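The structure appears below as C-alpha cells.
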Amino acid sequence: MLAPVTALAMASLAVPSSAIVATPAPRVCAAFSSADAVVVGHLSDERVGWDWVSWALRVERRYKGSVPARVRIYTPNDSGRGTPDDGRRNILFLTRENGRLTIGGSDPNGGGAAVEAEVRALAAKPRRGPGTIALLVANEQGDAMRGVRVRLRHAGGERERTVRTDAAGKALLRAAPGRWTAEVADPGWTSRFSLYTYQRADGFDLAPGGCADLRLESIRLGSDRKT
Numbered sequence: 002m003l004a005p006v007t008a009l010a011m012a013s014l015a016v017p018s019s020a021i022v023a024t025p026a027p028r029v030c031a032a033f034s035s036a037d038a039v040v041v042g043h044l045s046d047e048r049v050g051w052d053w054v055s056w057a058l059r060v061e062r063r064y065k066g067s068v069p070a071r072v073r074i075y076t077p078n079d080s081g082r083g084t085p086d087d088g089r090r091n092i093l094f095l096t097r098e099n100g101r102l103t104i105g106g107s108d109p110n111g112g113g114a115a116v117e118a119e120v121r122a123l124a125a126k127p128r129r130g131p132g133t134i135a136l137l138v139a140n141e142q143g144d145a146m147r148g149v150r151v152r153l154r155h156a157g158g159e160r161e162r163t164v165r166t167d168a169a170g171k172a173l174l175r176a177a178p179g180r181w182t183a184e185v186a187d188p189g190w191t192s193r194f195s196l197y198t199y200q201r202a203d204g205f206d207l208a209p210g211g212c213a214d215l216r217l218e219s220i221r222l223g224s225d226r227k228t
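Count along the sequence shown from 1, then add 1; that gives the number in the working numbering.
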C-alpha cells in the first residue's frame, strides 16, 4: 500500500491546492477571463456541510455566461473557500465543476461596487485581439526577485516572448491569445509555478482580449534550495 499512497501524496504537491488563496490576488480582468460565468445576484439560505458550503442564488444580472435565474452555488469548505455576503447582493465569478456552479476564495466575489463597475466595462468590451499577462517571480519565502528573465512560449512554438521583472519582481506584457507557458530563463536557474499562483505557468490560456495572472518560484539548478 505504500507506493499508491506515496504517489498520491506526490501528485497532491504537483498542482496548486484549492485550499490556498492566490497571492497576489488576481486582477478583476483575470478573474473575468477565467470564469465560466459572472453574475450579480442575491444570496440566501447558507448551508454548511462537511466538504461544501452552499447558498441559494437569485440572479439579477448576467455579465458573462448562462446561469439559471435561481440556482444553488457551492464553495469547498476549506481555507480557500469563497466568502460572499450571505443575505446580500453579490457579484460572483462562477466555475462549472462536476455539474455544480462553484466559487473560490481567490476571486473578488462579494458586494464591491468598484469590482462590478470594472466587470461592467469588461463585459461591454469586444473580446478580440491581444490580451495581457501579469506575472510575479518570487522565492519560496515570498521575496520578490528583480531583474529575472522570464521566457513565455505560445503553444506550437510559433511565438516566444522574453521579459525581465522589475524591482517588485513583476512584469506585464501584451500577448496573442492562446495557450502559453512561462519559465525563468536566466543561466543556472529554472522555475516552477508557485502553489500561490492564480493560473499555472506550465500551461495557461489567454483569452482574446483577456487577462492571465501567474506566479513563479525560482530554483537554482543543482540545488534543492530555492532562492
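Positions of the beta carbon are idealized from the N, C-alpha and C atoms, including for glycine. Bear in mind that the values here come from a model prediction, so they are computed numbers and not experimental data.
| Can you list the beta strand (DSSP E) stretches of 3 or more residues lying completely in the region 84 to 155, in chain order? | 90 to 98, 101 to 103, 132 to 139, 150 to 155
| message | I'd like to check one pair, glycine 50 with arginine 82: are the Cβ atoms closer than 7 Å? | response | no
| Among Cys30, Gly158, Ile21, Thr24, which has the Cα closest to the Cα of lysine 126? | Cys30
| said: Just verifying my parser: in three-state terms, what is the DSSP assignment at valine 29? | reply: helix
| message | Suppose the cutoff is 7 Å on Cβ atoms and the five residues either side in sequence are ignored; what does the same chain contact list for valine 120 look like? | response | Val29, Phe33, Val39, Tyr64, Ile92
| message | Less than 6 Å between C-beta atoms, sequence neighbours within five positions excluded: which residues of the same chain meet that for arginine 48? | response | Ser55
| task | Tell me whether arginine 216 is buried or exposed, calling it buried when 16 or more other Cβ atoms sit within 10 Å of its Cβ. | result | buried
| task | Could you please give me the residues that DSSP links to threonine 182 through a beta bridge? | result | Arg154
| query | Do the region 133 to 146 and the region 163 to 176 make contact, defined as three or more Cβ pairs closer than 8 Å? | reply | yes
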